[in-house]
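**Q**
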Amino acid sequence: MGTTTYGEWCYTIGIFQSLIFQHLPSRPVRMLDVGCGVGRLYLAAKSYLQPEDSYLGIDINKDFINICNDSYYERNVNFLYTEASNGYYSKAVDQGPRAWNIEDNSHNLVTALSVWTHLREEDWRFYLNEVGRVLQPGGRAIISFFILDDLYRPDQKTSAISRYYPQPENKWIFDTSAYDSNYWKYPGWASVPEVATGVPYDVFLEAVRDSGLIIRDYLPGQWKDQPGFFFQDVVVFEAQ
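Counting in numbering that gives the first Met the number 0, the sequence shown runs without a single skipped number right up to 239 at its last residue.
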């Protein structure tokens, strides 16, 4: 749904702080925050990080990275611009997905808030595999998605404002194919698919298997018009 107020920004930090704590790895913590923006999840994790730990935030928005580098001065914290194309968030020339300049098995915690919800199929699959590549065995990843599972019931969504978020229920109907994908969908009102992409549950499971990850926790989101941990679906993975 995005963050439109300072209060919502703080709320997001708070709830993800609790989830990060539940899945905090053994020290030293090596945290990678994909799509770090201006540092929301860094602030969520900050109180847990000790001098021997490290945090790396990456983003395709140079302005966000500059804000982070100007705002956070801890010696064990770094923010890195990573060039990539995205139909909604980046004007970079589309050269396909690009591997992160990060070593294999170098991190034991990966986070990504509202990143995979903006990826076309090719990028979605590729970067989930990247998570599997950079995570150490036993490491955890906390990532949000739009997953079209049995709780997603588009035929029951109406034009009424949802009880669970301040938007019409039928805004979140994924009914249009994303580019030439047979599975990835986006809402018909969106200007480009990367505004919001959803994936069927069975295809999601297949992609997870291909990435070398396993699911440790699955938290359905409020966008399905039910009580939920967060607006989007949140999944906790473990690297094998």
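Note that the Cβ used here is the ideal one computed from N, Cα and C, for glycine as well.
Please classify R119 as buried or exposed, where buried requires at least 16 neighbouring CB atoms within 10 angstroms.
**A** buried
**Q** Who are the near neighbours of N107 in its chain, counting only those whose CB is closer than 6 Å to its CB and skipping five residues on each side?
**A** P24, R29, Q135, G138
**Q** Taking buried to mean at least 16 other C-beta atoms within 10 Å of its own C-beta, is Q155 buried or exposed?
**A** exposed
**Q** Using three-state DSSP, classify I214 as helix, strand or coil.
**A** Under the three-state reduction of DSSP output, I214 falls in the strand class.
**Q** Under three-state DSSP, which class holds K90?
**A** coil
**Q** What separation, rounded to the nearest whole angstrom, lies between the Cα atoms of I142 and V235?
**A** 7 Å
**Q** Closest by CA to I172, which one among L31, N104, P186?
**A** If we check each option's Cα against that of I172, P186 comes out closest.
**Q** Looking at C-alpha atoms only, which residue of W99, Y54, R26, G38 is the closest neighbour of D69?
**A** Taking the Cα of D69 as reference, the smallest distance to any Cα among W99, Y54, R26, G38 is reached at G38.
**Q** When the Cα atoms are used, what is the spatial distance from F145 to G197?
**A** Roughly 5 Å between the two C-alpha positions.
**Q** Just the C-alpha distance for A140 and E237, rounded to the nearest angstrom, thanks.
**A** 6 Å
**Q** Mark D32 as exposed unless 16 or more other C-beta atoms lie within 10 angstroms of its C-beta, in which case mark it buried.
**A** By the beta-carbon neighbour count (other beta carbons within 10 angstroms, threshold 16), D32 is buried.
**Q** Short check: CB of D62 to CB of P96, under 7 Å?
**A** no
**Q** Check P199 in the structure and name its three-state DSSP category.
**A** strand
**Q** With distances taken between CB atoms, is the gap from Y200 to D232 smaller than 7 Å?
**A** no
**Q** For G227 and T110, what's the separation of their Cα atoms in angstroms?
**A** 19 Å
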